[in-house]
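Every number in this note's numbering is 1291 more than the matching position in the sequence shown, counting from 1.
Here a beta-carbon is modelled for each residue, glycine too, at the ideal position from N, C-alpha and C.
Scroll down for the structure; my scribbles are underneath it.
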Amino acid sequence: MAGETAALAGAIALGVLYWAGWCWREGGGLPGLLVKTGSTTLLAVFAYLAGGPWLLVAALVLSSAGDAFLAMDKPGEDKWLKPGMAAFFLAHVAYVALFWGLPQADRSLLNLGAQLALVFSGVAFVRWLAPWLGAMRYPVFAYTAIILVMGAAALRLQPQFLLVTLGAVMFVASDMILSLQLFTRPAGAPKKMLPSLAVWGLYFFGQALIAWGAAYPFMTVAE
1292 MAGETAALAG AIALGVLYWA GWCWREGGGL PGLLVKTGST TLLAVFAYLA GGPWLLVAAL
1352 VLSSAGDAFL AMDKPGEDKW LKPGMAAFFL AHVAYVALFW GLPQADRSLL NLGAQLALVF
1412 SGVAFVRWLA PWLGAMRYPV FAYTAIILVM GAAALRLQPQ FLLVTLGAVM FVASDMILSL
1472 QLFTRPAGAP KKMLPSLAVW GLYFFGQALI AWGAAYPFMT VAE
């Protein structure tokens, strides 16, 4: 218990530090890279020590790798964007497999409507974004497909996994804002502070909620 508590506390401390000190700046250098990747790596350590599913640990490790790739790009460069997207794509594959293996809620108009709203809004968003994508068009389409499947899978989970569902939706929202920063921002324009804070805050704390919620789901009434 002490080890997992320390890992989670360390992850949150580093996540908040990166949020306050680096996420809104152009380039973070080695310190920013270490703080950023350290936060999600410690979430993976927490999930492992807490006895979380191996797919959860794998998704968090892959996410940390994606964070590292994206942090290695210098301002104005995107040579590490595709490797970063590939790592996150695999992380979402792991999350989809994890969510499909967790207890599913009974089919209802509520969860069906939520899934359809997510998928159709995501498709509409990427269709609107398409003119800015250029050579990244097909990688972004593929990535959008897997993250929407991940989000839809989370929306079908039973209520004891509410934190997982919330975290997954936060992850999707973060990536939508990030895509605006990556593809619609004029060349040479600086990062905007508020969207950058939203991207990291939604992403990191979404991941933290997924990790906690999958490792420690709420107890059901029967329990």
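What does DSSP give as the partner residues of residue 1448 in its beta bridges?
1395
Taking residue 1294 as the reference, give the member of 1438, 1488, 1336 with the closest Cα.
1336
Going by DSSP in three states, residue 1480 sits in which element: helix, strand or coil?
Under the three-state reduction of DSSP, residue 1480 is assigned to coil, being neither helix nor strand.
Please tell me whether residue 1334 and residue 1449 are closer than 9 Å, where the distance is taken between their beta carbons.
no
Determine the closest residue to residue 1329 out of 1407, 1300, 1316, with distance taken between C-alpha atoms.
1300
Are there 16 or more other CB atoms within 10 angstroms of the CB of residue 1418, so buried, or fewer, so exposed?
exposed
What are the start and end residues of the alpha helix (DSSP H) that includes residue 1316?
Looking at the DSSP string, residue 1316 is not in any alpha helix (DSSP H), and its letter there is neither H nor E.
Closest Cα partner of residue 1520 within the set 1322, 1296, 1298, 1306
Absent from the model: residue 1520. The displayed extent of the chain is 1292 to 1514, so no value can be given.
Short check: CB of residue 1496 to CB of residue 1461, under 9 Å?
yes
Excluding the five sequence neighbours on either side, which residues of its own chain have a C-beta within less than 7 Å of the C-beta of residue 1501, listed in chain order?
Counting only residues of its own chain and dropping the five nearest sequence neighbours on each side, residue 1501 has a CB closer than 7 Å to the CB of 1455, 1458, 1459.
Rounded to a whole number of angstroms, what is the C-alpha to C-alpha distance between residue 1414 and residue 1298?
Take the alpha-carbon of residue 1414 and the one of residue 1298: they are about 37 Å apart.
Consult DSSP for residue 1327 and reduce its assignment to one of helix, strand or coil.
In the structure shown, residue 1327 falls within a helical segment according to DSSP collapsed to helix, strand and coil.
Chain-order list of residues whose beta-carbon lies under 6 Å from that of residue 1303 (same chain, five-residue window excluded):
Around residue 1303: no qualifying Cβ.
So residue 1353 and residue 1388 are supposed to be a Cβ contact under 8 Å. How far apart are they, rounded?
No, residue 1353 and residue 1388 are not in contact; Cβ-Cβ is about 12 Å, not under 8 Å.
Hey, out of 1421, 1390, 1446, 1364, whose CA is closest to residue 1474's CA?
1421
Look up residue 1292 in the DSSP assignment and say whether it is helix, strand or coil.
The three-state secondary structure of residue 1292, taken from DSSP, is coil.
Thinking just about the alpha-carbon of each residue, which of 1313, 1331, 1332 is nearest to the one in residue 1323?
1313
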